[in-house]
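Numbered per this note's numbering, the sequence shown spans residues 2 to 279.
In this text, a Cβ means the ideal position worked out from N, Cα and C, and glycines have one as well.
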Amino acid sequence: MALGAVGVLALAVAPVAHADDWGQVNCSKDQADSRCTVVVVYIGVGNGNTSGGGRLECTIGGVVVECSNGFGWLGSDGCYYGKDPQGFLPPNEWIKTCIDPATDVVTRWGVVYLPRPPVALDSVTQRAVAAMTIPKPVIAASPSLSAPQMVHVPVWWWAEPGFWQSQTATATAGSLSITAQATPRSITWHAGDGTTTVCIGPGTPWTAGTEPNTPSPDCGHTYTATSKLSPGGTFTLQAVATWDITWTGGGMSGVLPPITTTTTIDITVTELRAVITG
2 MALGAVGVLA LAVAPVAHAD DWGQVNCSKD QADSRCTVVV VYIGVGNGNT SGGGRLECTI
62 GGVVVECSNG FGWLGSDGCY YGKDPQGFLP PNEWIKTCID PATDVVTRWG VVYLPRPPVA
122 LDSVTQRAVA AMTIPKPVIA ASPSLSAPQM VHVPVWWWAE PGFWQSQTAT ATAGSLSITA
182 QATPRSITWH AGDGTTTVCI GPGTPWTAGT EPNTPSPDCG HTYTATSKLS PGGTFTLQAV
242 ATWDITWTGG GMSGVLPPIT TTTTIDITVT ELRAVITG
């Protein structure tokens, strides 16, 4: 079986007195020493929305250690992070257990907050996130963006229905399967004239029969100046979609930092001119 891309995370161990004995070096004082470096290697194969057949390799200072054990998953500080069996802990809170490698004695224990999963587990969640296809906004407007926009005429913005839906992907490492999900939360529209509009939801499509001067009920803009003085005589309209990222697997769940995708288009904004005849 051919190996796919190899993901490597290498993070210096934080000052933890309990991990001082890796190769007879005091990591709390010599954090830059290579013997204090946690390395997690994810080796896996897969394509599409599944990254399967993966496995993890973990070392501290070149010494092979368990990526996970009864205490949880290896963190970047050489400690292990797990969950309570009852499932009372919030998604981003973990039970931290530090073990002296020389004596196998637990030297620290407590509940801590982590913005991301412990590094060994995070290598799998990142693989799942990377396997997702998170699209750029597929946007539409009335008046159409392919035609000039008019000052003082409300423009309606919206995302096409097929865009506004969750995306998922799964990655595995041994018996562990992690599924990541991206859910669209909002679209931030940068109109190009210095204004910004945040729309919670996809926006409302304009329908025939609606009065031209009626503003969108939830997502739109009214230009008050033309684009003739802007470079190229156009405004750059940007639609930035924000996706909430979550993951589940192995009886655990968590929240990851949001991801954004962007669509950009140049538009012309002009003004109506009265035509006098006769």
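Task: Distance CB(Ile179)-CB(Thr126) smaller than 8 Å - done: Translated into positions along the sequence shown, residue 179 becomes position 178. Translated into positions along the sequence shown, residue 126 becomes position 125. Against a cut-off of 8 Å, the Cβ pair of Thr126 and Ile179 comes out as a contact.
- [ ] With DSSP collapsed to three states, give me the class of Ala170.
- [x] As a working note, residue 170 is residue 169 in the sequence shown. Looking at Ala170 - three-state DSSP - the assignment turns out to be strand.
Task: Whole-Å CB distance - Ser228 paired with Val199, under 8 Å assumed - done: Against the sequence shown, residue 228 aligns to sequence position 227. Against the sequence shown, residue 199 aligns to sequence position 198. Not really, about 22 Å apart at Cβ, beyond 8 Å.
Task: Neighbour-count burial assignment, Tyr114, 16 or more Cβ in a 10 Å radius - done: Along the sequence shown, one-based indexing puts residue 114 at 113. The residue in question, Tyr114, is exposed, as its Cβ has fewer than 16 Cβ neighbours within 10 Å.
Task: DSSP bridge partner residues for Lys97 (one or two, in chain order) - done: The count along the sequence shown starts at 1 and reaches residue 97 at position 96. Answer is Tyr82, Gly111, bridged to Lys97.
Task: Reduced DSSP secondary structure (H/G/I, E/B, other) of Asp219 - done: As a working note, residue 219 is residue 218 in the sequence shown. Coil, per DSSP.
- [ ] Kindly identify the DSSP beta-bridge partner or partners of Ala240.
- [x] Here residue 240 refers to the residue found at position 239 when the sequence shown is read from its first residue. In DSSP, Ala240 forms a bridge with Trp190, Thr264.
TODO: To the nearest angstrom, report how far apart Ala148 and Ala131 are at their CA atoms.
DONE: Taking the sequence shown and counting its residues from 1, the one referred to as residue 148 is at position 147. Taking the sequence shown and counting its residues from 1, the one referred to as residue 131 is at position 130. Distance between the alpha carbons of Ala148 and Ala131 is about 37 Å.
- [ ] Kindly indicate which residue of Pro232, Leu230, Ile260, Met253 has the alpha-carbon position closest to the one of Trp244.
- [x] Counting from 1 along the sequence shown, the entry for residue 244 is found at position 243. Ranking Pro232, Leu230, Ile260, Met253 by Cα distance to Trp244 puts Ile260 first.
Open item on the list: Quick check: the Cα distance between Trp159 and Gln182, rounded to an integer number of angstroms?
Closed with: To locate residue 159, count along the sequence shown from 1; it is residue 158. To locate residue 182, count along the sequence shown from 1; it is residue 181. Computed Cα separation, rounded: 23 Å.
- [ ] Return yes when the Cβ of Pro206 is within less than 8 Å of the Cβ of Ala242, no when it is not.
- [x] Translated into the one-based positions of the sequence shown, residue 242 becomes position 241. Translated into the one-based positions of the sequence shown, residue 206 becomes position 205. No, they are not a contact pair.
Open item on the list: On the CB-based measure, 16 or more other CB atoms within 10 Å of its CB, does Gln150 come out buried or exposed?
Closed with: Residue 150 sits at position 149 when you count from the first residue of the sequence shown. It is buried - the Cβ of Gln150 has at least 16 other Cβ atoms within 10 Å.
TODO: Check the C-beta distance from Ala172 over to Ala209 and give it rounded, since I have them as a contact under 8 Å.
DONE: Sequence index remark: in the sequence shown, residue 172 carries index 171 (1-based). Sequence index remark: in the sequence shown, residue 209 carries index 208 (1-based). Rounded, the Cβ-Cβ distance is 46 Å, inconsistent with contact.
Open item on the list: Please state the DSSP three-state secondary structure of Arg56.
Closed with: In the sequence shown, residue 56 corresponds to position 55, counting from 1. Strand.
Open item on the list: How far does the beta strand (DSSP E) with Ala129 in it extend, from its first residue to its last?
Closed with: Walking along the sequence shown from the start, residue 129 turns up at place 128. First-last for Ala129: 120-132, but that is the alpha helix (DSSP H), not the beta strand (DSSP E).
Task: Neighbourhood of Thr197 by C-beta, 8 Å cutoff - its chain only, sequence neighbours within 5 removed - done: On the sequence shown, position 196 is the one that residue 197 refers to. Once the five neighbours on either side are set aside, the close Cβ partners of Thr197 are Thr189, Trp190, His191.
Open item on the list: Suppose the cutoff is 6 Å on Cβ atoms and the five residues either side in sequence are ignored; what does the same chain contact list for Leu307 look like?
Closed with: Shown here, the chain extends from 2 to 279; a query on residue 307 therefore has no answer.
Open item on the list: Using C-beta distances below 7 Å, list every residue in its chain close to Ile93, excluding the 5 sequence neighbours before and after it, in chain order.
Closed with: Here residue 93 is taken as the residue at index 92 of the sequence shown, counted from 1. In the sequence on display, residue 93 carries Asn and not Ile. Contacts found: Tyr114, Leu115, Pro116, Gly255, Val256.
Task: Which listed residue (Gly55, Arg56, Val65) has its alpha carbon closest to that of Val39 - done: Numbered from 1 along the sequence shown, position 38 holds the residue referred to as residue 39. Residue Val65 is the option with its Cα nearest to Val39.
Task: Beta-bridge partners of Gln257, as assigned by DSSP - done: In the sequence shown, residue 257 corresponds to position 256, counting from 1. Looking at the sequence provided, one finds Leu at residue 257 rather than Gln. Its beta-bridge partners are Ile246.
Task: Simplified DSSP state of Pro149, which is helix, strand or coil - done: On the sequence shown, residue 149 is found 148 positions in, with the first residue counted as 1. In the three-state reduction of the DSSP assignment, Pro149 falls in the coil class.
Open item on the list: Quick check on DSSP: helix, strand or coil for Pro232?
Closed with: To locate residue 232, count along the sequence shown from 1; it is residue 231. Pro232 carries a helical assignment under DSSP once its states are collapsed to helix, strand and coil.
TODO: Answer yes or no: do Asp267 and Tyr224 have a C-beta to C-beta separation smaller than 8 Å?
DONE: Taking the sequence shown and counting its residues from 1, one reaches residue 267 at position 266. Taking the sequence shown and counting its residues from 1, one reaches residue 224 at position 223. Going by C-beta atoms, Asp267 is not nearer than 8 Å to Tyr224.
Task: Identity of the residue in Thr215, Pro216, Ser167, Gly234 nearest Thr247 by Cα - done: Position 246 of the sequence shown, counted from the first residue, corresponds to residue 247. Between Thr247 and the set Thr215, Pro216, Ser167, Gly234, the nearest pair of CA atoms involves Ser167.
- [ ] For Asp22, count neighbouring Cβ atoms within 10 angstroms of its own Cβ and tell me buried if that reaches 16, exposed if not.
- [x] Here residue 22 refers to the residue found at position 21 when the sequence shown is read from its first residue. With a pLDDT of only 46 at Asp22, under the threshold of 50, the placement of this residue in the model should not be trusted, and no figure is reported.
Task: Short Cβ contact (8 Å threshold) for Glu161 with Ala141 - done: Taking the sequence shown and counting its residues from 1, the one referred to as residue 161 is at position 160. Taking the sequence shown and counting its residues from 1, the one referred to as residue 141 is at position 140. Yes, the pair counts as a contact, with Cβ atoms nearer than the cut-off.
Task: Minimum C-alpha distance to Asp219 - residue among Trp110, Ile201, Ala226, Glu212 - done: Reading the sequence shown from its first residue, position 218 is the one you call residue 219. Nearest C-alpha to Asp219: Ile201.
Open item on the list: For Trp165, list the residues DSSP reports as bridge partners.
Closed with: If you number the sequence shown from 1, residue 165 lands on position 164. Note: Trp165 sits in no beta bridge, so no partner.
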